[in-house]
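Chemist: With positions in the sequence shown counted from 1, the corresponding number in the numbering used here is that position plus 1.
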Amino acid sequence: MTAPGRRSSTFTRLLRHGFTDPSAAERLLQSVEVAPIRNDPVLLEALGATADPDLALHGLVRLLEAQPDPVAQRELLDTVIAAKPLRDRLLGVLGASAALADHLARHPGDWQALVMYEPRDLHPEVEEFEQGLAEATDPVSLRVAYRRCLLSIAARDVCGTTDVAQTAAELADLATATLRAALAIARAAAPEDAAQCRLAVIAMGKCGGHELNYVSDVDVIFVGETADGADEGKALRSATRLASHMMRICSETTVEGSIWPVDANLRPEGRNGPLVRTLSSHLAYYRRWAKTWEFQALLKARPVAGDIELGEEYVAALEPLVWKAAERENFVADVQKMRRRVVENIPVSELDRQLKLGPGGLRDVEFAVQLLQLVHGRDDASLRSGTTLDALQALAAGGYVGRADAAQLDTAYRFLRSMEHRIQLYRLRRTHLVPEEEADLRRIGRSLGLRVDAVAELTREWKRHASVVRRLHEKLFYRPLLDAVAQLAPGEARLSPEAARERLIALGYADPAAALRHLEALASGVTRKAAIQRTLLPVLLGWFADSADPDAGLLNFRKVSDALGKTPWYLRLLRDEGAAAENLARVLSAGRLAPDLLMRAPEAVALLGDGDGGSGLEPRSRAHLEQEILAAVGRADGALQAVTAARGVRRRELFRTAAADIVDSYGTETKPAEADQGALVDRVGGAVSDLNAATLAGTLRAVVREGWGDTLPTRFAIIGMGRFGGHELGYGSDADVLFVHEPRDGVDEHEAGVAAGRVVAEMRRLLQIPSADPPLLIDADLRPEGKSGPLVRTLKSYEAYYRRWSLVWESQALLRAEPVAGDEDLARRFVDLIDPLRYPAEGLGDDAVREIRRLKARMETERLPRGADPKLHTKLGPGGLSDIEWTVQLMQLRHGWAEPGLRTTRTREALAAACAAGLIPGEEAAILDEAWVLATRVRNAVMLVRGRAGDTFPSDARELAAVGRYLGYEPGHVGDMLDAYRRTARRARGVVDELFYGA
């Protein structure tokens, strides 16, 4: 008996043999089932040699418990102790695979499959696996037999009887036998269909390449022909039914789970193409329509089931086309793109754990080898293997790859595939992610023979091999062996692969291969749409490359094309109006805002091509906008429908404004970028302000009509404030307003006030209802008493407040007040009321000037966001918008009574008027104007690029580069942009200090 507080000798032995939970293991060893062998030293030694001794012991106990009777239990125990080959195999599987342990617990007699140790059992092939599946007559029994065969493969794998390449080949052979068995079941279920056709199953991908994983999609292509002179249409329908049934037999989940998905998407036209084609149909497609990647996929094509003779005819007929693929235009670039296409879509959280798709992963090796095969296999038949490691060895033997490089790649690939196998074997789940749990890493490391510090050793070896792959696969891609095989576009000089790579990167494609995915989707097929897009894409790619984010441009183009590709006018627009195609390319690749607005209503793409030069992008007048919106409101059934229509117009016009801004900022092939930055700012500010005013007018009409018919009990006007009143709104600006009303004759003032309040509340509600259209946020915080005051006042109430309580900051705010909607007479009288406040006779007194300066200084210290760089804050930073606007507004307050030109709500107009009046020297006025325009442009750029408002430059490198491109800076010059902004703002702050603070 063990003394209290002391560990038993068994506990200590278990620790020494690698158990991580000796207490649980000790309890398992005390179970009745294990009693006869619990003290046998052979057992602990064998368990300690497994990848996970705890898992192996648990699986063994479950297997013993599942035996039907004591005799069967004793037979299993005796065999485990007496037969070392079985012991190593069984415990090795139980210690590496919880899924196969589950299978053995459900089918306790299947351990017998591990007893055989004949020479043929060491390396079985398709024939042996077919024998193992011979008794399967339905999907359930097929799954049981499949896993029984899988047991023997896993046993040889974990015991080291087979290496990773042999294991992958056995898995492919088992898949071949399984496909044949599934097809036999399908044929037996539909003998009439079987009699009608010849059906060949062509394995693709890893199955075709004889290098399958434990759990992987099995890629196939089907070829069908008539049998005994049957009708071809009927034969293909029969073949399709058989193929579909065969796929379901393997893929569907039953009480015994599934085997693996059978994926036929590598067939011509992918998911959109027929599941089964005749050989002649396959040939016609590959000769005329197939893309480079499809020939690359055919490297691994291998007939595996059904009519093998027909399958061999298929391979023989397509083989010459495969080896001519390297003669295709853009060949090298296409293959390179195919490799990198998936990287962009890997979640950031998974990128560092991706064994297959990440940098330095298995796919790097496979694509490098395939590229070299396709280039040199034209003339060297020894390279024409579908198996990666065999092909790599042949490339080295032929001198196409350095022997040392090939040896390192071979070692790295084997290690990474072994890791992949062990990861999948545990749960028999399809995954290529390295787990994060220490227990999982320990099991994988021990299974690969890393026993001292399994987790650390595994991580070190994995990173080392991935580093080797990253370094070598690019070296393989860009060796001189590939010279003169690539053309970037028809008619261009032939480039070496490295030059092509450098050219693509220099053009701005962060991941050229990601673009290939979209190109294939856009240009594949035989439709008119695909034909037009094939013609346009070479030009579009150049325009995308000249943008901030070419990858996003191509993706967005695909989305628009998917939405509108069947619309005749869209195809005509792209084909016949060059300006439209170029404008679309510019808009789709300049940031998020414009594409987001377009995706909500793709038909707005028509705006890009109206007339020569894209005149459809010219901003519409406020009168025109109001006319359209009010007409839509008049047709609507209810306020909600009316405001929805108004918001739809606003969304479309926001897109028009953003698109015009982008095109003018970038320029086109026929029209240079707009040199007058101030004109661009004024155009955006005016267009957005007019649009919001028209939207408010329509919303007001809709709310009044629904609640009161034609006439509201009170006259009602909306006064624009801030940037709204100044015609300086940006894409993400709120609408700052004041609401004023005046009861009609004979209407009680309380009743009028209630009605006006209801109007305001309903307008705000309708304009902010979540929908596909961006909301219009109404901000009335500049009203008397601010947030504490009523949202809407009568004209008399405003008069009384301003006469008695008005503060100097309110006079300053009223400098931007301008009517935007509602009763024009009431609005005019409101303006008459406030003019003496904002343009006080004889100007401001000294006390008022000091108060404004005090408020400005306090705002600078209190309102700047924590952590923001003041020198790059476009609103509150030194030389930013606030500095310049307060300086101009102080001049308006002091001199507006005497200088009519200063009586404007617009900052730039007031600044120009001050200069004309001699209140500011021309040079200083130019400095302030330049800084104000630049800060406004930066804010607009941030909204266009990020899709949300911001007052400072983005921190993300790509977004920052996009802002730079919008402002006219070439890639790699964001530092120049930031320096220019700081310099401009610093000069402006010097002027502000002199004019505003009197320094």
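Backbone N, C-alpha and C fix where the C-beta goes; we use that ideal spot for every residue, glycine too.
1) Report the option in R444, A413 and F416 whose CA atom is closest to the CA atom of R428.
2) Going by the beta-carbon positions, is the gap between A595 and I663 smaller than 8 Å?
3) Tell whether a beta-carbon distance below 8 Å holds between R759 and G708.
4) Terminal residues of the continuous beta strand (DSSP E) containing I222?
5) How would you write the range of the beta strand (DSSP E) that V821 sits in, first residue to last?
6) Alpha carbons only, please: which of I928, A244, A178 and R157 is nearest the one belonging to D194?
7) Against chain D, does V934 count as a neighbour if the rule is that its beta carbon must be under 8 Å from one of theirs?
8) So what does DSSP say about G258, is it helix, strand or coil?
9) Pull up the distance between the alpha-carbon of P955 and that of I835, whole angstroms please.
10) Within its chain, find whatever has a CB closer than 6 Å to the CB of P140; leave out the 5 residues flanking it on each side and keep chain order.
11) Short of 7 Å in beta carbon distance, which residues of its chain neighbour C916, apart from the five on each side in sequence? Order them along the chain.
12) Go through its chain and collect everything with a Cβ distance to V165's Cβ below 7 Å, but skip five positions before and after it.
13) Taking the alpha-carbon positions, what's the E226 to V370 distance?
14) In three-state terms, what does DSSP make of F740?
15) Please state the DSSP three-state secondary structure of G881.
16) Can you tell me whether A781 is helix, strand or coil according to DSSP?
17) Once DSSP output is grouped into helix, strand and coil, what is the label at Q31?
18) Quick check on this structure: which residue in S690, D824, A440 and I203 has the alpha carbon closest to the alpha carbon of G307?
19) Per DSSP, what kind of secondary structure is H896 in: helix, strand or coil?
20) Can the beta-carbon of W887 be found less than 8 Å from the beta-carbon of F725?
21) Would you list the residues sitting across from P304 in a DSSP beta bridge?
22) List the DSSP bridge partners of A382.
23) Within a Cβ cutoff of 7 Å, which residues of the same chain sit near S1008, ignoring the five residues on either side of it in sequence?
24) Considering only DSSP beta bridges, list what I1 is partnered with.
25) What three-state label does DSSP hand Q355 in the structure shown?
26) Suppose you measure from the CA of R1 to the CA of G668; what does that come to, to the nearest Å?
27) Hey, how far is the Cα of P1010 from the Cα of L608?
28) Kindly give me the distance between the Cβ atoms of L152 and L115, rounded to whole angstroms, as I take these residues to be in contact under 8 Å.
29) With three or more beta-carbon pairs closer than 8 Å as the criterion, would you say the stretch 102 to 112 touches the stretch 122 to 134?
30) What number of angstroms, rounded off, separates the C-alpha of R354 from the C-alpha of V435?
31) With T795 as the anchor, note down where its beta strand (DSSP E) starts and where it stops.
32) If you run the structure through DSSP and keep just helix, strand and coil, what is R653?
33) Report the rounded CA-to-CA distance for R940 versus A950, giving the unit in angstroms.
34) Are there 16 or more other CB atoms within 10 angstroms of the CB of H283, so buried, or fewer, so exposed?
35) R938 and Q678 look like a contact to me (Cβ under 8 Å); what is the Cβ gap, rounded to whole Å?
36) Taking only the alpha-carbon atoms, compute the straight-line gap between F12 and G387 and give it to the nearest angstrom.
Modeler: Quick answer:
1) R444
2) yes
3) yes
4) V219 to T227
5) E819 to G823
6) A244
7) Within the model displayed, chain D is absent; a lone protein chain is all it includes.
8) strand
9) 40 Å
10) I250 and T255
11) G923 and A926
12) R415, R418, S419 and H422
13) 34 Å
14) strand
15) coil
16) coil
17) coil
18) I203
19) helix
20) no
21) I203
22) DSSP lists no partner for A382.
23) Because the chain spans 2 through 1000 in this model, residue 1008 falls outside it and cannot be assessed.
24) With the chain covering 2 to 1000 only, the question about residue 1 has no answer from this structure.
25) strand
26) Since the displayed the chain opens at 2 and closes at 1000, residue 1 lies outside it and no answer follows.
27) A question about residue 1010 goes unanswered here, because the residues of the chain that appear run from 2 up to 1000.
28) 6 Å
29) no
30) 5 Å
31) V793 to T795
32) helix
33) 7 Å
34) buried
35) 6 Å
36) 51 Å
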